[in-house]
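Read through the structure below, which is laid out as structure tokens, and then see the notes.
Numbering (our numbering), first residue to last: 1 to 140.
Below you can see the structure in the form of structure tokens.
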């Protein structure tokens, strides 16, 4: 990943995060429950500076309280937070999915990929951002 790809990935991630933040700030909150690359679209025509769109809200649910139970289908296993196997979860389940998506977007799934960036200007940035992604996954 070169500098241009890195900054494009940053902008994609920023817009994904803002989209999910919007869902989580609604009243009642919306939990997407199936965030994955296949459900993130890149628009051909940019409107209002936004080119990222979330899609496939078929598994989305309204979330009113932290004690609320959900029992419908729960998403794609690779991107699914562990607590989705139980019926009690919150918007944090989407944050877990975002952590996995972020690691894929920046090609740093387990940190071992950082070796190929050693002695490059992006090395420190990748080290820092990996910590952020891991904290997103561990947040739940």
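Ideal placement from N, C-alpha and C gives every residue a C-beta, glycine not left out.
- Between the region 77-90 and the region 41-51 there are fewer than three C-beta pairs closer than 8 Å, too few to call the two in contact.
- Here residue 62 is bridged, per DSSP, to 30.
- Separation of residue 128 and residue 134 (C-alpha to C-alpha, rounded to the nearest whole angstrom) is 10 Å.
- Secondary structure at residue 44: strand, using DSSP grouped into helix, strand and coil.
- Residue 52 is bridged by DSSP to 42.
- With contacts defined by Cβ atoms closer than 8 Å, residue 31 and residue 85 do not form a contacting pair.
- Burial is judged here by how many other beta carbons sit within 10 angstroms of a residue's own beta carbon; residue 2 has fewer than 16 and is exposed.
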